[in-house]
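Novice: Quick one: the structure is below, and I'll ask about it shortly.
Residue numbers (our numbering): 679 to 921.
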């Protein structure tokens, strides 16, 4: 049914373009396929594709590390939570796209602003899921760890993180998607490399076929990233939800 629905949609689009709606704005599926093929044949697409994947992977890794490093102390310390939580919520509420000009001012144009946007965008989704999961760990487990004389490191790695694993994994899945979003925003505003740059360049050239082709490439990357993380999450012991 999915194949039939997709084939029907593409067939309608191909036949209707130029008749029911303007081909200049909507292109055609065949034109998009030819554009992607030409990009692959000429080698134009590969550097941009690799740049986007690299930025997403590094941004996600930085965001995950920092989010867990901040979430664990805040979950363990109520005083730190009271002091820092308002600032974190305020930063989360700020639209991340408005940071792009500041990233350009601080980091210039190129890879670093895109990386920063990717990490900042992903950080909050990993943090809030991890923080919520850690705060909801059973108090009985924490008391048992304290009675047994567990050190703060043992409490963290043997009780807190394993107990909050399903929620943390969910945050990592969301964080990966938003690291990808942040990378694209960074590439569209402050870079000369990446799929986001390809979209902006095609748009300024008023080439709807190239814009749609780049969007299709983005959709394929996003689908592959989410599937890869979901498969990795399913291998985590005790994470039944991912399975």
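The beta carbon of each residue, even a glycine, is placed where N, CA and C say it ideally should be.
State whether the segment 860-879 contacts the segment 781-790, with contact taken as three or more CB pairs (one from each stretch) at a distance under 8 angstroms.
Specialist: They touch, by the three-pair rule.
Novice: Spell out the partners DSSP gives residue 757 in its beta bridges.
Specialist: Answer is none; residue 757 lacks a bridge partner.
Novice: If I measure Cβ to Cβ from residue 807 and keep anything under 6 angstroms in the same chain, skipping five residues before and after, which residues do I get?
Specialist: The answer, listed in chain order, is 845, 848, 849.
Novice: Tell me the start and end of each unbroken alpha helix (DSSP H) in the segment 759-815 that is at least 4 residues and wholly inside, in chain order.
Specialist: Runs found: 778-785, 789-813.
Novice: Measure the alpha-carbon distance for residue 783 versus residue 836 and round it to whole angstroms.
Specialist: Between residue 783 and residue 836, the C-alpha separation is close to 43 angstroms.
Novice: What residue ranges within the segment 838-911 form continuous beta strand (DSSP E) runs of no fewer than 3 residues, ordered along the chain?
Specialist: Whole beta strand (DSSP E) segments, 3+ residues: zero.
Novice: Whole-angstrom Cβ separation of residue 873 and residue 730, contact assumed at under 8 angstroms?
Specialist: Rounded, the Cβ-Cβ distance is 5 angstroms, consistent with contact.
Novice: To which residues of the same chain is residue 691 closer than 6 angstroms at the C-beta, ignoring the five residues directly before and after it?
Specialist: Here the set comprises 707.
Novice: If you reduce the DSSP assignment to three classes, tell me which class residue 695 lands in.
Specialist: Looking at residue 695 - three-state DSSP - the assignment turns out to be strand.
Novice: Is DSSP giving residue 829 helix, strand or coil here?
Specialist: It is coil, neither helix nor strand.
Novice: Give the single residue among 905, 876, 909 whose Cα lies nearest to the Cα of residue 722.
Specialist: Looking at the Cα atoms, 876 is the closest of the given residues.
Novice: Which term fits residue 743, buried or exposed, when burial requires 16 or more other beta carbons within 10 angstroms of its beta carbon?
Specialist: Looking at its Cβ environment, which holds fewer than 16 other Cβ atoms inside 10 Å, residue 743 is exposed.
Novice: Helix, strand or coil, according to DSSP, for residue 688 in the structure here?
Specialist: DSSP places residue 688 in helix when its eight states are reduced to three.
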